[in-house]
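Protein chains in written order, with our numbering: chain A, 2 to 344; chain B, 3 to 265.
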Amino acid sequence: MKKLLQKDEFDALLSTSSGVQFLGPVRLKGRGRFSDTDLIKYGQIKSFTDIVWDSKTYLSAKELILPITETLLDFTGTTVVQPPVEDAILVLFLRACDIHAIERLDAIFLNNGPSPDPYYKQKRDRFKLVLMECAVPFDSCFCVAMGTNTVSNFGAAVRCIEDGILIDIRDEWFTSQIAGSGTDTEFELQFPQQNGADVHVPHIKEMQEQLFTHEMWDEYSKRCIACGRCNTSCPTCSCFSVHDISYGHDSNSKIARRQRVWDGCHLDGFTDMAGGAAFRIECGSRMRFKTFHKIYDYRKRYGVNMCVGCGRCDDVCPEYISFANCINKVNDLVNESRSTPDE
Amino acid sequence: MNNAWVPVANRITDIIKETDVEYTFTLESSIRPDHGQFVEVSIPGIGEAPISVSGTGDGWIQLTIRAVGHLTCAISTCKVGEQLFIRGPYGVAFPSALYENATLVVAAGGCAVAPVRTLIRSRLADKKLAANTRLLFGFKNPESVLYKDEIDEWSKLVQTIVTIDKEACSWNGRTGLITSHVADVDIPDLSQTHVVIVGPPVMMKYTSAQFFSRGIKQEQIWLSFERRMACGLGKCGHCKIDNSYVCVDGPVFRYDKALHLID
């Protein structure tokens with residue numbers, strides 16, 4: 002079912018849907034990194050004009066399902082209390098790459114290990130995904146190379162036009178929500194076919210071991226400052242640490258909160274163990290670890306590359322490190338060291 | 003739904019001071035970890051960490067803790083009757099059934115004797131298996147020897163080599179790194195042997211090399227990895243190496259697999 006919703010019809014839907022939160026890219030005036038710039042991030046949509054169509058968000062929709070800080074448990078001294086379960090449906094507006102990114106997180110949080118992560122699943126089960134058509138990608142995007150320019154698992158897809166939105170509904174829930182609103186129409190969703198960034202991803206079953214210690218990583222040891230912005234901005238970086246906060250007056254008090262907080266493989270301390278042992282001291286080896294995870298070893302485990310080509314890491318690096326170029330460099334080295342592809 | 007993050011409060015029933023910094027805690031617990039598995043141990047307000055299980059029995063487990071970190075230092079001040087919070091057990095255990103018809107050599111350095119102790123205890127509890135077991139332990143100095151009385155008992159049953167890194171006046175046993183004593187391990191049939199090696203990465207690497215020079219193959223060596231595992235559930239990412247997660251695919255890895263795990 003395809004419909005045209007005028008702006009006021011769209012706004013009416015937002016305000017009349019009870020038990021539903023609408024989330025998407027919004028503009029926070031003056032909150033950008035530099036003076037007089039805005040921050041584009043995921044937030045609540047209250048009207049059509051809240052949705053930002055022409056900019057990429059600094060952080061991805063990841064923060065909605067894997068909050069930067071998330072309470073796991075509260076210890077009251079006698080009991081262990083789990084945080085209250087919410088039930089609002091979360092309608093999420095996002096682009097094709099970011100829908101793929103949620104699937105990458107699903108693989109880890111729902112399917113890896115002995116059981117699904119209950120906190121993640123509790124939110125994921127309430128998500129309704131709305132694809133924001135993204136016919137013209139941004140400068141740093143390389144979704145076509147990653148195969149994430151197209152997507153099919155969404156409940157509805159929208160295109161922004163002058164008067165409102167065109168919506169292509171694929172899911173019964175959206176059909177019932179929109180019943181009676183808008184006018185029937187026809188349009189074909191468009192997906193980007195070409196990106197500005199020309200990226201070539203190596204397709205190999207086993208990475209040659211000499212590439213783990215190749216001199217190409219030395220440059221990143223000099224350049225990377227381990228700020229972790231690439232990790233935090235990445236829609237698929239999902240590592241976290243667990244920390245306790247004590248609410249007692251002395252260290253023996255058992256009244257405390259246990260929470261998880263985003264962590265990242267580029268950050269100092271990520272591998273530190275009690276006693277002083279640590280791995281990947283050099284930033285270059287951290288860059289290698291991340292790069293291979295994004296374009297190689299995640300695929301070995303889950304069957305698809307982890308990187309979705311959103312380009313956010315390139316947008317935010319204060320040292321102007323290009324992950325897209327890094328992938329190309331690895332690809333060149335892989336091709337140099339073998340005569341025929343093995344896949 | 004079942005929440006794997008929720009720990010169980012377990013009462014401490016006994017504390018043994020093993021060395022200046024190492025303590026063995028016995029806890030009431032209904033879990034029965036397999037040899038080489040670990041649990042996530044916590045004190046609310048202090049934190050949580052993965053600790054290998056050094057003893058199991060009906061209704062109890064033991065944890066040997068070296069007080070070197072934020073949490074382990076706090077645990078070391080706990081008293082009998084206080085509680086530790088436990089969840090688990092996690093990870094892949096040593097394939098002890100595979101070792102049953104073979105000679106098993108267990109080589110461990112320092113506090114790495116803890117994760118192999120239940121394996122050794124179960125081998126030595128069976129007369130036939132005990133006869134086919136060899137033990138090789140390396141410690142820094144006489145003061146850091148773990149489970150001293152128990153090792154003495156073991157040495158009466160099976161070949162047990164204990165070495166300390168450097169000569170010391172209070173020590174009249176072997177000295178030198180564990181690697182220099184591999185040659186003395188009695189291995190009757192190379193092809194019918196498995197070797198468990200646990201310790202710091204450098205120790206595992208060079209001890210393995212010594213067993214290779216004796217004719218042991220990669221497929222006969224089993225290692226256990228230590229990483230900073232914040233969840234034990236395959237989610238937090240701290241222990242991922244290549245496409246493996248130490249917490250769910252390990253911590254026990256066969257050498258030929260471990261060889262390709264480049265941090």
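All C-beta atoms, glycine included, are put in the ideal place defined by N, C-alpha and C.
Fair warning: this is a prediction, and the values are worked out from it, not measured in the lab.
Of all alpha-carbon atoms in A:Cys266, A:Phe76, A:Tyr297, the one lying nearest the alpha-carbon of A:Ile256 is that of A:Phe76.
Taking a contact to require three or more Cβ pairs closer than 8 Å, the stretch 86 to 99 of chain A and the stretch 20 to 36 of chain A qualify as touching. A:Asn113 belongs to the set of residues whose beta carbon lies under 9 Å from a beta carbon in chain B. Residue pairing from DSSP places B:Ser226 in a beta bridge opposite B:Val254.
Against chain A, the beta carbon of B:Arg230 has neighbours under 7 Å at Thr272, Asp273, Met274, listed in chain order.
Below the 9 Å Cβ cutoff, chain B contributes no neighbours of A:Lys295, its closest Cβ being approximately 12 Å away.
Counted as a single uninterrupted DSSP element, the stretch harbouring A:Ala180 is not any alpha helix (DSSP H), since DSSP gives it neither H nor E.
At a cut-off of 9 Å between C-beta atoms, A:Phe76 counts as an interface residue with respect to chain B.
Runs of the beta strand (DSSP E) lying entirely within the stretch 44 to 95 of chain A, each at least 3 residues long, are 70 to 77, 90 to 95 in chain order.
In the structure shown, B:Gln212 adopts helical secondary structure according to DSSP, grouped into three states. Collapsing the DSSP output to three states places B:Cys241 in coil. If you draw a 10 Å sphere on the C-beta of B:Leu138, you find 16 or more other C-beta atoms in it, and that means buried. According to DSSP, residue pairing for B:Gly140 in a beta bridge involves B:Gly111, B:Thr165.
Ranked by how close their Cα comes to the Cα of B:Pro35, the residues B:Leu121, B:Tyr208, B:Leu192 have B:Leu121 in first place.
Fewer than three Cβ pairs drawn from the stretch 110 to 125 of chain A and the stretch 147 to 167 of chain A lie within less than 8 Å of each other, which leaves the two stretches out of contact. Between A:Ser116 and B:Cys238, the CB-CB gap reaches or exceeds 9 Å.
With a 10 Å radius around the Cβ and a threshold of 16 neighbouring Cβ atoms, A:Arg32 comes out exposed. Under the Cβ criterion of 9 Å, B:Ala51 is counted among the residues facing chain A. Apart from sequence neighbours up to five positions away, the residues of its chain that approach A:Ser338 with a beta-carbon distance below 6 Å are Gln209, ordered along the chain. The three-state secondary structure of B:Ala11, taken from DSSP, is strand. In this structure, DSSP gives A:Arg32 a state outside helix and strand, which the three-state scheme calls coil.
Judged by DSSP secondary structure, B:Gly49 falls within the beta strand (DSSP E) whose first and last residues are 49 to 59.
Here DSSP, grouped into helix, strand and coil, assigns B:Arg68 to strand. Put simply, the CB of B:Phe141 is far from chain A, with every gap to its CB atoms at 9 Å or more. The Cβ neighbour count for B:Val147, taken over all protein chains shown within 10 Å, is at least 16; the residue is labelled buried. Excluding its 5 nearest sequence neighbours in each direction, B:Ala132 has C-beta neighbours in its own chain below 7 Å: Arg125, Leu126, Leu159, Val160, listed in chain order. Under the DSSP definition of a beta bridge, A:Ile41 partners with A:Arg28. Taking a contact as a CB-CB distance under 8 Å, the pair B:Phe213 and B:Val197 counts as one, their CB atoms being some 5 Å apart. Residues of the stretch 97 to 110 of chain A with a C-beta less than 7 Å from any C-beta of chain B: Ile109, Phe110, listed in chain order. Between A:Ile103 and A:Ile66 a beta carbon distance of about 7 Å is seen, short of the 8 Å cut, so the two are scored as contacting. Residue-level contact by beta carbon fails for B:Asp22 and chain A, as no gap is shorter than 9 Å.
For A:Glu210, the chain B residues whose Cβ falls inside 9 Å of its Cβ are His262, Ile264, in order along the chain. B:Leu192 is the residue among B:His183, B:Tyr92, B:Leu192 whose C-alpha sits nearest the C-alpha of B:Asn134.
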